[in-house]
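Have a look at the structure below before the remarks.
There are 2 protein chains.
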Amino acid sequence: MSFLLSYARPALLALALGATAPLLAAQPPAQQETQVPGVYRLMVGQMQVTALHDGMTRLGAALLAGAPAERIQARLAAQFLAAPEGVSTAVNAYLVHTGTQLVLVDSGAAACFGPSLGQLLANLRAAGYAPEQVDAVLLTHLHPDHVCGLRDAEGRAAFPQARVYVPKAEADHWLDKARMAASPAEAQGFFRMPQEALAPYAKAGRLQVFEPQALDLPGIRAQSSPGHTPGHSSYLLESAGERLLLWGDIVHSHAVQFALPEVSIEFDSDKAQAIATRRRVLAEAADQSLLVAGSHLPFPGVGRVKREGEGYAWVPLEFSPLPSR
Amino acid sequence: MSFLLSYARPALLALALGATAPLLAAQPPAQQETQVPGVYRLMVGQMQVTALHDGMTRLGAALLAGAPAERIQARLAAQFLAAPEGVSTAVNAYLVHTGTQLVLVDSGAAACFGPSLGQLLANLRAAGYAPEQVDAVLLTHLHPDHVCGLRDAEGRAAFPQARVYVPKAEADHWLDKARMAASPAEAQGFFRMPQEALAPYAKAGRLQVFEPQALDLPGIRAQSSPGHTPGHSSYLLESAGERLLLWGDIVHSHAVQFALPEVSIEFDSDKAQAIATRRRVLAEAADQSLLVAGSHLPFPGVGRVKREGEGYAWVPLEFSPLPSR
């Protein structure tokens, strides 16, 4: 009996003693240690798109320029995002199951930006896929948070069966060793990281540098959207009359840049061109009620753009079940 | 060799033949059949709250009244939600791990409203919990999409260890058999369904009818928020200086009722009172930057309220990892 008193759960004991309701609450299970996997699925016609969360990084508001600082701060505060330590910002990638191929668009940061990023492979597995099943990786651009995930922790190709597609203007810029050598020391990492990330694929004959208008993948077209980087490209999926634009880094701060498209971010290679591209893409998305997905919009980063006042506003897609088949 | 030619995956075969890149793509794995589980976690001080998706139901725009139909349609269209078949609307419930107890707030619709709802138990299990571990179920009100989930498919208590808490004004209204008998035939189901859902708990001595101001659970206070139903109540969690208001059915159409709080929904018991309650709760939430969660807001239904123009706007919380311990 002393054994029972020591080990029986109090609630079970109360029931055993004939109470209709437990007199003492049972010890509850432990709280969960981690968030659910950052995975979300949607259909685009016959294609299935899986948003994969690579994690979060902090972007200081001082990186944003092009409007008075008070106006930028007011926009952040209106979204409850003003934070002296920087705005917590998602890094998303998208796995497209075209029906015949698995195509990953961007690959996350792996270990290039610290432990708050680098969850893409874990989330891809949680989504029911293996990295060996990926047929192609399309890169919107060669910044580290989009390319470092091409390599695993041992430096090997994380997607050993995949061809990797790089827009030509990106390759011309970031893979140019002479340009790297001529760059300031603090900028050289932005050349070195994509060169290292692409090396195993280049060595295996799997690196494909392409002109956006010449990309030839079924249901996927590339659209040049330069400014953030010289060859920044977006990918338009189209299937059975439905479309989704994977726009890459058109917006880094949803709280600020939809309302104020004239605000650029420090990392933009050519700020004026980045702003012009953003204005063009936002106008097209709004005019066409186009479904878009963005690398740095709140996960899963999928939604639509509406006109609001002088600028635009973000309308995220609602969590919904998949249509039944 | 014919065996190999027939059964080897083409990509592996290409590798075996010495090609550096496969000449033929491997057959991809099948597309996933279902959405990821509707589960999302957040911390409120030391409490862990798990949002659980019960599914989606369609609400026709004609159920909304209190503003010109064109104004309501314009609000829906601005959120890309105008749909002749009705607006797809979430049903959410919330599991609160207080540290010492598991408290479920609302229980979903089970089979009461068809197969697009009733996923709460599956999502609770996907979240790592068992229904037998739930110590208490707090009900915001006794509408079927909040109470039917109290029973499993066999009509037994789905949460066999739980006490079920019902605000007194709700019990007085919906559990009153004389009132039910005096109601029009088409309204009687709204009495019958909660009576049936609560029966196994009443029989087991686990039904607790309470006055909101007298609710005595650590870190959880009840707030009377009547109008949608006579005893509609909201639950305020507070832990380590953080707060979350589980507000129940203060808003049914986020696209319309934040901007136009004067719009009521057909199901409101007392429309004028529901509108007055909504105005009061929205003002308090906005003034306090209070984190709130709503049963019919886009899953996970957690966010904040900001003032915008004459009304308000919804600012959903961003998907984020749990803070590390």
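Protein sequences appear in the order of chains A and B.
Our numbering puts the first residue of the first sequence at 1, with every later residue one more than the last.
Our numbering puts the first residue of the second sequence at 1, with every later residue one more than the last.
Glycine is no exception: its CB is placed at the ideal position from the N, C-alpha and C atoms.
- With respect to chain B, the C-beta atom of S289 (chain A) has a partner C-beta closer than 9 Å.
- The alpha carbon of A162 (chain A) has as its nearest neighbour, out of A:L139, A:M180 and A:Y201, the alpha carbon of A:Y201.
- Out of B:L124, B:L290, B:A169 and B:R75, the CA that lies nearest to the CA of P226 (chain B) is found in B:A169.
- Across the set A:V36, A:A171 and A:L120, the C-alpha of A:A171 shows the shortest separation from the C-alpha of M193 (chain A).
- When the five nearest sequence neighbours on each side are left out, no beta carbon in the same chain lies closer than 6 Å to the beta carbon of A204 (chain A).
- The C-beta distance from L121 (chain B) to P131 (chain B) rounds to 6 Å, short enough to meet the 8 Å contact threshold.
- If the five residues before and after G311 (chain A) are omitted, its C-beta is found closer than 7 Å to the C-beta atoms of F258, A259, L260 and P261, all from its own chain and listed in chain order.
- For the region 49-70 of chain B, the set of residues with a beta-carbon nearer than 9 Å to any beta-carbon of chain A comprises T50, H53, G55 and M56, in chain order.
- Where L121 (chain B) is concerned, the enclosing alpha helix (DSSP H) starts and stops at L120 to A126.
- DSSP places H53 (chain B) inside the beta strand (DSSP E), whose first and last residues are M47 to L59.
- Counting along the chain, no alpha helix (DSSP H) covers H97 (chain A); the unbroken beta strand (DSSP E) around it starts and ends at V87 to H97.
- For I220 (chain A), no alpha helix (DSSP H) segment is defined; the enclosing uninterrupted segment is the beta strand (DSSP E) at I220 to S224.
- Nearest C-alpha to L244 (chain A) among A:A69, A:A90 and A:L291: A:L291.
- If you compare the alpha carbons of A:A127, A:A136 and A:A182 with that of D54 (chain A), the shortest gap goes to A:A127.
- Within chain B, the residues placing a beta-carbon under 7 Å from that of Q79 (chain A) are V315, ordered along the chain.
- D287 (chain A) counts as exposed, since fewer than 16 other C-beta atoms from the protein chains shown sit within 10 angstroms of its C-beta.
- Note that the C-beta distance between F113 (chain A) and D152 (chain A) is not below 9 Å.
- In this structure the region 86-100 of chain A lies against the region 215-232 of chain A, because at least three pairs of beta carbons, one per stretch, are closer than 8 Å.
- Assigned with DSSP and collapsed to three states, I250 (chain B) falls in coil, not helix or strand.
- Interface criterion not met: the Cβ of V137 (chain B) is under 9 Å from no Cβ in chain A.
- Residue-level contact check: Q223 (chain B) does not touch chain A, since none of the beta carbons of chain A fall below 9 Å from its beta carbon.
- Our two residues, G118 (chain A) and R156 (chain A), have alpha carbons roughly 15 Å apart in a direct line.
- Contact annotation: the region 265-283 of chain B does not touch the region 25-37 of chain B, with fewer than three C-beta pairs closer than 8 Å.
- With its beta carbon less than 9 Å from one in chain A, H97 (chain B) belongs to the interface.
- Going by C-alpha positions, V137 (chain A) is about 18 Å away from T229 (chain A).
- Counting only Cβ-Cβ distances below 8 Å, V292 (chain A) has no contacts in chain B at all, with the closest Cβ about 12 Å away.
- A Cβ of chain B is located within less than 9 Å of the beta carbon of S320 (chain A).
- Look at Q73 (chain B): its C-beta is not under 9 Å from any C-beta on chain A.
- Under DSSP, L291 (chain A) forms no beta bridge with any residue.
- With a threshold of 9 Å between beta carbons, R125 (chain A) makes no contact with chain B.
- When C-beta distances to chain A are compared with 8 Å, the residues of the region 32-46 of chain B below that value are Q32, E33, T34, Q35, V36, P37, G38, V39, Y40 and R41, in chain order.
- Along the region 224-242 of chain B, there is no position whose C-beta sits under 8 Å from a C-beta of chain A.
- Pairing D135 (chain A) with G149 (chain B), the inter-Cα distance amounts to about 43 Å.
- Closest option to F210 (chain A), judged by alpha-carbon separation, among A:V164, A:M180 and A:E318: A:V164.
- The C-beta of P131 (chain B) comes no closer than 9 Å to any C-beta of chain A.
- Residue contact check for K306 (chain B) against chain A: a CB pair falls below 9 Å.
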